[in-house]
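The opening residue of the sequence shown carries number 475 in the numbering used here; numbering runs sequentially from there.
All residues carry an ideal CB built from backbone N, CA and C; glycine is no exception.
Bear in mind that the values here come from a model prediction, so they are computed numbers and not experimental data.
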Amino acid sequence: MWVGEQSGGMTDRELAETAADGLSVLANPLRLRILLALSETRQPDWEQRGMSYSDLRAAVGVEDGGRFNYHLDELRGRFVGNEDGHYWLSAAGWRIVDELYAGTFSGSHERREGELSYTCDADDEPLTATVEHGLIEVTCPTHGTVFDMTLPFSLLDDSDRGLDDLYEYAFRQAQQYVESVCSDVCPHCGGRFDGPDVEHAEVKQREYLLVGFRCRRCAVAFRLPIEQIVVFRPPVVGFFDDYGIDATSPALYDRSGEWTMDVHEHEDGFVVAFECGGEQLTLNLDRSLATRSPSREPIDDGDEAKLTEERNG
Numbered sequence: 475m476w477v478g479e480q481s482g483g484m485t486d487r488e489l490a491e492t493a494a495d496g497l498s499v500l501a502n503p504l505r506l507r508i509l510l511a512l513s514e515t516r517q518p519d520w521e522q523r524g525m526s527y528s529d530l531r532a533a534v535g536v537e538d539g540g541r542f543n544y545h546l547d548e549l550r551g552r553f554v555g556n557e558d559g560h561y562w563l564s565a566a567g568w569r570i571v572d573e574l575y576a577g578t579f580s581g582s583h584e585r586r587e588g589e590l591s592y593t594c595d596a597d598d599e600p601l602t603a604t605v606e607h608g609l610i611e612v613t614c615p616t617h618g619t620v621f622d623m624t625l626p627f628s629l630l631d632d633s634d635r636g637l638d639d640l641y642e643y644a645f646r647q648a649q650q651y652v653e654s655v656c657s658d659v660c661p662h663c664g665g666r667f668d669g670p671d672v673e674h675a676e677v678k679q680r681e682y683l684l685v686g687f688r689c690r691r692c693a694v695a696f697r698l699p700i701e702q703i704v705v706f707r708p709p710v711v712g713f714f715d716d717y718g719i720d721a722t723s724p725a726l727y728d729r730s731g732e733w734t735m736d737v738h739e740h741e742d743g744f745v746v747a748f749e750c751g752g753e754q755l756t757l758n759l760d761r762s763l764a765t766r767s768p769s770r771e772p773i774d775d776g777d778e779a780k781l782t783e784e785r786n787g
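Structure below.
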């Protein structure tokens with residue numbers, strides 16, 4: 475069990491005891507109705523204008539004033555703010571409302587499974603997606619699981635969204651996770667990371683340079699090939715876009731036969747080079763994985779032959 479430091483230096487046990495006190499406040503349908511009623515005040519500019527006491531009570535539909543006041547008071551401070559007779563959701567209140575609408579606490583969906591229109595970038599075998607318990611898992615018949623990601627239950631309830639749609643959404647969600655990790659912000663808890671730790675490993679019969687991070691607060695760990703870290707960065711996205719390849723979607727790997735990538739490690743960092751359409755984009759990364767001096771230039775026949783020879787050993 476992870477027993478590292480959590481928020482405010484608390485251990486898991488202390489964090490659980492503190493959180494249980496806060497979560498127990500929500501274990502009442504009327505209190506959740508109050509939060510949902512306050513969410514109706516959400517403005518396009520996110521200004522917290524709030525609701526008057528009378529409007530809030532009418533929206534919730536409670537005739538007994540004493541009962542309503544008791545439950546409203548239980549929410550004040552942690553989930554509801556108030557001033558000058560008006561009430562609004564706190565940041566914690568908004569988080570709860572968002573999860574309620576997403577179906578996190580009450581949602582369910584039928585198991586779905588089927589073949590995607592995408593193929594494995596290693597062997598061109600068709601990929602299969604399975605959606606169950608709020609998780610999409612993408613598998614290759616040769617290499618097993620190649621991707622997984624949690625999804626909102628409300629998204630899975632939408633029958634108009636096919637498996638390709640769910641995979642594409644999850645892929646972009648993973649992109650946001652990677653960007654957050656590279657910014658030293660855990661996408662799960664907002665904590666900071668230890669790392670990056672770099673190792674060479676074989677994945678899908680290929681040699682990769684893997685970069686690992688571990689959150690100091692919640693202990694979640696990420697272990698990613700270095701190209702997955704840089705492929706979503708603006709110079710790379712723009713480079714592929716010039717050749718009609720969307721680097722922010724699974725199509726990037728579905729069209730992997732049209733581009734190549736090389737990674738070299740040196741004392742001060744890494745060099746990542748992408749080639750596509752007779753052109754090369756080179757990214758120099760420091761040890762923190764920050765991009766330094768990207769360059770883009772055409773490849774002449776001599777350079778291309780040399781690079782091909784180096785790849786083939």
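The criterion of a C-beta distance shorter than 8 Å is satisfied by F687 and F696. Listed as beta-bridge partners of D760 by DSSP are G743.
Counting along the chain, no alpha helix (DSSP H) covers D622; the unbroken beta strand (DSSP E) around it starts and ends at G618 to T624. The C-beta distance from V737 to I773 rounds to 17 Å, too long to fall under 8 Å, and the pair is not in contact. Only buried fits V685, as 16 or more other CB atoms lie within 10 angstroms of its CB. Boundaries for L500: no alpha helix (DSSP H) harbours it, and the DSSP string shows neither H nor E there. According to the DSSP secondary-structure assignment, P600 is paired through a beta bridge with T593.
Collapsing the DSSP output to three states places A494 in a helix. The C-beta separation of V605 from R635 comes to about 10 Å, leaving the pair out of contact by the 8 Å criterion. Annotation for P699: the continuous beta strand (DSSP E) segment containing it runs A695 to P699. According to the DSSP secondary-structure assignment, R586 is paired through a beta bridge with V605.
By the Cβ criterion, the stretch 733-753 is not in contact with the stretch 613-622, since fewer than three pairs of Cβ atoms, one from each stretch, lie closer than 8 Å. Boundaries of the beta strand (DSSP E) harbouring V685: R680 to C689, taken from the DSSP string.
Contact annotation, R646 with T722: C-beta distance approximately 6 Å; criterion of less than 8 Å satisfied. Contiguous beta strand (DSSP E) elements confined to the stretch 532-568 occur at 554-557 and 560-563, taking only those with 3 or more residues.
For T734, DSSP records a beta bridge to E749. Here the stretch 593-609 does not lie against the stretch 545-562, with fewer than 3 beta-carbon pairs under 8 Å apart. G669 carries a strand assignment under DSSP once its states are collapsed to helix, strand and coil. Within the same chain, G686 come within 6 Å of D671 by CB-CB distance, once the 5 residues on both sides are set aside. Here L759 is not near V710, since their CB atoms are 8 Å or more apart. Taking T593 as reference, the option from G581, A576, S654 and G618 with the minimal CA-CA separation is G618. In the DSSP assignment, E771 falls within the beta strand (DSSP E) that extends over T765 to P772. Remark: C-beta atoms of Y575 and S628 approach each other more closely than 8 Å.
Here S591 is not near D639, since their CB atoms are 8 Å or more apart. With a 10 Å radius around the Cβ and a threshold of 16 neighbouring Cβ atoms, Y717 comes out exposed. CA-CA distance, D495 to A532, rounds to 28 Å.
Leaving aside the five residues that flank L698 on each side, the residues in its chain whose CB is nearer than 6 Å to its CB run, in chain order, V685. In the three-state reduction of the DSSP assignment, E573 falls in the helix class. Across the structure, T765 and L757 are spaced so that their CA atoms are roughly 6 Å apart.
Around the beta carbon of F667, a 10 Å sphere encloses 16 or more other beta carbons of the protein chains shown; the residue is thus reported as buried.
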